[in-house]
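Numbering-wise, the sequence shown is residues -22 to -1, 1 to 253 according to mature numbering (1 follows the signal peptide of the UniProt record, and there is no 0). For each residue, glycine too, the CB sits at the ideal point set by N, CA and C. To start, the structure under review is shown below, and the notes come after it.
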Amino acid sequence: MARVSSFLFVLSLLCVLPLCLCDKSYGGKLNPWFYAHSCPKAGEIVRSVVANAVARETRMAASLMRLHFHDCFVQGCDGSLLLDSSGRIVSEKSSNPNSKSARGFEVVDQIKAQLEKECPGTVSCADILTLAARDSSVLTGGPSWMVPLGRRDSRSASLSGSNNNIPAPNNTFQTILSKFNRQGLDVTDLVALSGSHTIGFSRCTSFRQRLYNQSGNGRPDMTLEQSFAANLRQRCPRSGGDQNLSVLDIVSAARFDNSYFKNLIEKMGLLNSDV
């Protein structure tokens, strides 16, 4: 399918954004075989931990893909999202796009712990995030792709970059496109990457406005299919329940397929940014 090919291509683009962070032995370029000698079981270890996590909770696949996406839109795919606040760092975890919603950090910690036992000080957390995103796609029935490796972990974070660069559910189309353009991505890439919303959930606070006050006039979004909107209102009241979850893909929330796009045609997209 063309959409799957586009998605794979765009994820590949995201995976090579931070070329300046790569090992000099490969001429500053990422290489799928970067750990072939230094940690040959790296891919196997990442895949095993992610598979166990997704088996326990299917939602984790979407959460890990989202971590990678949010990491790559700030300073490149450098693992900066994983850094906690310290004397010289204000963590990206506290930004508006990540606070109370970014999750899966414990899975990354589990992967890192196993890799440190196998090959200490070798595999970067930035590469872990990238591999985990690919494996999450595969485990939910989505595409696979060869992952270039060799990223170096960032020693800095950017709270402002996280707040300003990551697309938000209530952004206008032009704002979202501008944020993609900053990363060297175009409208085709935007559509393809939005297709990752075929799995996962969103919090009530991210779409409540569409149900009750879309244009500031106290009325719901007229582009929402009525029965779909009525079901959403049961999960998301006018006040309270901010953390209540609704599926991004009402047809097959746990499977990576093209029903997300079909839902949009039927006016059953959950977020403003989807529509």
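- Between the stretch 116 to 123 and the stretch 47 to 59, the count of Cβ pairs shorter than 8 Å is below three; the stretches do not touch.
- Per DSSP, reduced to three states, the secondary structure at Arg133 is coil, with no helix or strand assignment.
- Residue burial is scored here from C-beta neighbours: Phe151 has fewer than 16 other C-beta atoms within 10 angstroms and is therefore classed as exposed.
- Spanning the alpha carbons of Leu168 and Leu155 requires a straight line of approximately 7 Å.
- For Ser180, the closest alpha carbon among the candidates Asp227, Leu59, Leu223 and Gly194 is that of Leu223.
- Using a 10 angstroms sphere on the CB of Thr201, the tally of other CB atoms stays under 16, which defines it as exposed.
- Around the CB of Gly65, fewer than 16 other CB atoms lie within 10 Å, so the residue is classed as exposed.
- In this chain, the beta strand (DSSP E) harbouring Ser224 covers Leu223 to Val225.
- With fewer than 16 other beta carbons inside 10 angstroms of its own, Glu244 counts as exposed.
- In this structure, Val85 sits away from Glu70, with a CB-CB distance that is not shorter than 8 Å.
- For the set Ala207, Cys182, Leu189 and Ser205, the Cα lying nearest the Cα of Gly218 is the one of Cys182.
- Distance from the CA atom of Asn159 to the CA atom of Ala104, rounded to whole angstroms, is 22 Å.
- Under DSSP, Ser180 takes part in a beta bridge, and its partners are Ser224.
- With respect to Phe239, Gly196 sits apart: the two C-beta atoms are not nearer than 8 Å.
- Distances from the CA of Asn250 to each of Ala208, Asn141, Gly162 and Asn191 were compared; the closest alpha carbon is that of Asn191.
- For Asn9, the three-state secondary structure derived from DSSP is strand.
- Counting along the chain, the unbroken alpha helix (DSSP H) around Val27 starts and ends at Ala20 to Arg34.
- Residue pairing from DSSP places Leu127 in a beta bridge opposite Asn9.
- With fewer than three CB-CB distances shorter than 8 Å, the stretch 76 to 85 does not count as touching the stretch 128 to 135.
- Closest in C-alpha terms to Ser140, from the list Pro198, Ser230 and Ser73, comes Ser73.
- Exclusion of the five residues before and after Pro198 leaves Arg188, Leu189, Tyr190, Gln192 and Ala207 as the residues of its chain whose Cβ lies within less than 7 Å of its Cβ.
- In this chain, the alpha helix (DSSP H) harbouring Ser237 covers Ser237 to Ile243.
- DSSP places Thr153 in the uninterrupted alpha helix (DSSP H) bounded by Phe151 to Arg160.
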